[in-house]
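Inspection log for the structure reproduced underneath, given as structure tokens.
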Amino acid sequence: IDSEDDLLQECISSAMPKKK
Amino acid sequence: PTPPYLRWAESLHSLLDDQDGIHLFRMFLKQEACADLLDFWFACSGFRKLETAEGNDEKRLKLAKAIYKKYVLDNNAIVSRQIKPATKSFIKDCVMKLHIDPAMFDQAQTEIQTTMEENTYPLFLKSDIYLKHA
């Protein structure tokens, strides 16, 4: 379960804009 | 230059293109118990961006299953309630048949985006959280 959540979190973060 | 909070009011996309905007919008959605809408939207973008390179297949399958399980499977979940039945069946089919395509969540993402544009985004612009910040 944990690794699934980690994977999801990583995926969400990868789509966010980087700090300007 | 235009202050960020004014740009956020231009469109949902200008809001979601700014880290501080996302943070504030997420705080508002959390208060309304629908932060999953935003998380799902970003998860779909992240999934599409994931390279289709060889060796990544297992990761993509695992991720597709995780997104499906967390947001789509439960018909009472906030995201699932805003996705059309046909779109849900399509995603379920893709997962069950292990047909993992970078675009498999695109339609669902569009439907959730429409929900946010018509509903939570305008409410956010009138919310205390936004107005206090502005």
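The listed protein sequences derive, respectively, from chains A and B.
Using our numbering, the letters of the first sequence map in sequence onto residues 1 to 20.
Using our numbering, the letters of the second sequence map in sequence onto residues 21 to 154.
Backbone N, C-alpha and C fix where the C-beta goes; we use that ideal spot for every residue, glycine too.
Model, not experiment: these values are computed from the prediction.
Does DSSP classify residue i as helix, strand or coil?
i: T134 of chain B; result: helix
i: K146 of chain B; result: coil
i: K85 of chain B; result: helix
i: K90 of chain B; result: helix
i: G75 of chain B; result: coil
i: E10 of chain A; result: helix
i: P24 of chain B; result: helix
i: D126 of chain B; result: helix
Alpha carbon to alpha carbon, how far is residue i from residue j?
i: K18 of chain A; j: D126 of chain B; result: 22 Å
i: Q133 of chain B; j: C114 of chain B; result: 21 Å
i: S31 of chain B; j: K85 of chain B; result: 31 Å
i: L151 of chain B; j: V99 of chain B; result: 26 Å
i: A123 of chain B; j: D94 of chain B; result: 21 Å
i: K79 of chain B; j: K104 of chain B; result: 27 Å
i: M47 of chain B; j: A55 of chain B; result: 8 Å
i: C70 of chain A; j: T22 of chain B; result: Summary: the structure shown does not reach residue 70 of chain A, with chain A confined to residues 1 through 20, and so no result is reported for it.
i: E137 of chain B; j: D5 of chain A; result: 27 Å
i: R68 of chain B; j: S147 of chain B; result: 32 Å
i: L7 of chain A; j: A29 of chain B; result: 32 Å
In the DSSP assignment, the alpha helix (DSSP H) including residue i goes from what residue to what residue?
i: T107 of chain B; result: P105 to M116
i: H43 of chain B; result: Q39 to Q51
i: I98 of chain B; result: I98 to R101
i: A154 of chain B; result: A154 of chain B -> no alpha helix (DSSP H), and no H or E assigned at all.
i: C64 of chain B; result: A55 to K69
i: H33 of chain B; result: L32 to L36
Exercise for the section: Would you list, in chain order, the members of the region 76 to 90 of chain B that have their beta-carbon closer than 9 Å to a beta-carbon of chain A? Expected result: K79, K82, L83, K85, A86, I87, K89 and K90
Practice task
Using a Cβ-Cβ cut-off of less than 8 Å, give me the residues of the region 37 to 48 of chain B that come near chain A, in sequence order.
Solution key: D37, D38, Q39 and I42
Handout entry: Selection of the region 49 to 61 of chain B by Cβ proximity to chain A, strictly under 7 Å
Key = D59
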